[in-house]
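All residue numbers for the sequence shown refer to our numbering, where the first residue is 3 and numbers rise by one.
Since the structure comes first, as structure tokens, the remarks are kept for the end.
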Amino acid sequence: MVAIAPFAFVGFDNVPQLAGEFDFSPSKALKLILFAIGAAAFIYLAMLMAASIAISEAGHTFDGHSWATADAIRVAIGPVGPVLMVIGVTMGVITGLNGFMLSASRVLLAMADARMVPGQLGYISHRAGTPVVALLFVLAFCVVTPFFGREALNWVVDMTSAGVSVAYFYTCLCAFKAMRRTAAEVRDGVVLTEPRTSPGWIAFKSGVAVLGCVLSVVFLALLFIPGSPGQLDTPPLIALAIWVAIGFVFYLSRRRALNATTEEEMDRLVLGEHAHAKL
């Protein structure tokens, strides 16, 4: 479970993936992410507590049941319990799918703006103002994938944990380097000292970034070290290798355009007006 934990946190990064469309300060994104994590933790804990109370009061056990939580709620409040559970779960699934469709299409849009993928994926509908080609691409991919079977989806989950761990490591490393640069600018007087650039706050954020790098390495070790309880099986490794190969081909095809783009232009293309926002 620990090895595939990064996959479970993928939903919370929907907020920063929409950074290019924020009409507020990017610093508020941190508050949104923390609130989302707290709300999700509260809901999960409330569900577990409700089921535990129902089981203990009724004196029932549900060994071997496919959905013990729904059975416990049915014992507590009757047939309407599982119905309410199904409604709640359905709403959760639909909102999750909607969020992933939204964020995945915006990631493709940002990559198209950054010239990492073909520019057609960055086409914006003049009527709806949405990346319609990217949305259709994600939709087609999602429609086809379930036909490979549940086991193939498990392979995707396993290999995604590796990819997410790499992304977390890279993001935390960039955050650490950004904090070091901010600290140097404050020390040299380029940036004025304020609450967000105080030495203590910079040290705290740098420590969090380092901790994120360490945890990412731990997750990767659990997935790849032979004999580890979370070691990837052969099919997920093959799927991961294919995915990396596809990414490498895309990189080779776009390398010339990427090398011709300056850092300032890349910031402008991807982040727009938020290119120089403070962390």
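Where is the CB? At the ideal position from N, CA and C, for every residue including glycine.
**Study point:** Within 8 Å, strictly: CB atoms of A223 and M161
**Key:** no
Practice item. State yes or no: is the C-beta of S127 within less than 8 Å of the C-beta of V119? Key: no
Exercise for review: Check the C-beta distance from I75 over to M93 and give it rounded, since I have them as a contact under 8 Å.
Suggested key: Rounded, the Cβ-Cβ distance is 16 Å, inconsistent with contact.
Review point. Closest by CA to I204, which one among G98, V219, M181 and S218?
Key: M181
**Study point:** Identity of the residue in F226, N261, A38 and V212 nearest S163 by Cα
**Key:** F226
Review point. For the alpha helix (DSSP H) that contains P120, what are its first and last residues?
Key: No alpha helix (DSSP H) holds P120; DSSP gives it neither H nor E.
Check your understanding: If you run the structure through DSSP and keep just helix, strand and coil, what is S29?
Key -> coil
Review point. Under a three-way DSSP split, which group does P133 fall into?
Key: coil
Practice item. Classify P1 as helix, strand or coil using the three-state DSSP reduction. Key: The structure shown does not extend to residue 1, since the chain is modelled only from 3 to 281, so the question has no answer here.
Check your understanding: Alpha carbon to alpha carbon, what distance is there between T236 and L36?
Key -> 36 Å
Exercise for review: Count the other CB atoms, across all protein chains shown, that sit within 10 Å of the CB of T71; report buried if there are 16 or more and exposed otherwise.
Suggested key: buried
Check your understanding: How many Å lie between E153 and D190 at the Cα?
Key -> 56 Å
**Study point:** Other residues of its chain near E266: CB distance less than 7 Å, five sequence neighbours each side excluded
**Key:** none
Review point. Less than 8 Å separating the beta-carbons of L99 and A136?
Key: no
Exercise for review: Would you check if the distance between the CB atom of S167 and the CB atom of S208 is smaller than 8 Å?
Suggested key: no
Exercise for review: Quick one: residues in its chain with C-beta nearer than 8 Å to the C-beta of Q122, no 5 flanking neighbours on either side, listed in chain order?
Suggested key: A114 and V135
Check your understanding: Going along the chain, which residues of its own chain have a beta-carbon closer than 6 Å to the beta-carbon of A211, five neighbours each way excluded?
Key -> C174, A177 and F178
Practice item. Find the nearest neighbour of A106 within the set I89, I96, L141 and P81, judged by alpha-carbon distance. Key: L141
Review point. So R256 and R117 are in contact, right, with Cβ under 8 Å, and what is the actual spacing, rounded?
Key: 6 Å
Point to revise | Burial state of T184 (16 or more Cβ within 10 Å) | key: buried
Check your understanding: What span of residues does the alpha helix (DSSP H) with T173 cover, start to end?
Key -> R152 to R189
Check your understanding: Where do the ends of the alpha helix (DSSP H) carrying V12 lie?
Key -> Looking at the DSSP string, V12 is not in any alpha helix (DSSP H), and its letter there is neither H nor E.
Check your understanding: Helix, strand or coil for A262 per DSSP?
Key -> coil
Check your understanding: Going by beta carbon distance, what residues of the same chain come within less than 8 Å of F252, once the five residues before and after it are set aside?
Key -> M118 and V119
**Study point:** Three-state class that DSSP yields for V85 in the structure shown
**Key:** helix
Review point. What is the DSSP secondary structure of W203, counted as helix, strand or coil?
Key: helix
Check your understanding: Taking C-beta to C-beta, are V12 and A31 nearer than 8 Å?
Key -> no
Check your understanding: Taking all protein chains shown into account, do 16 or more other C-beta atoms lie within 10 angstroms of the C-beta of N261, making it buried, or fewer, making it exposed?
Key -> exposed
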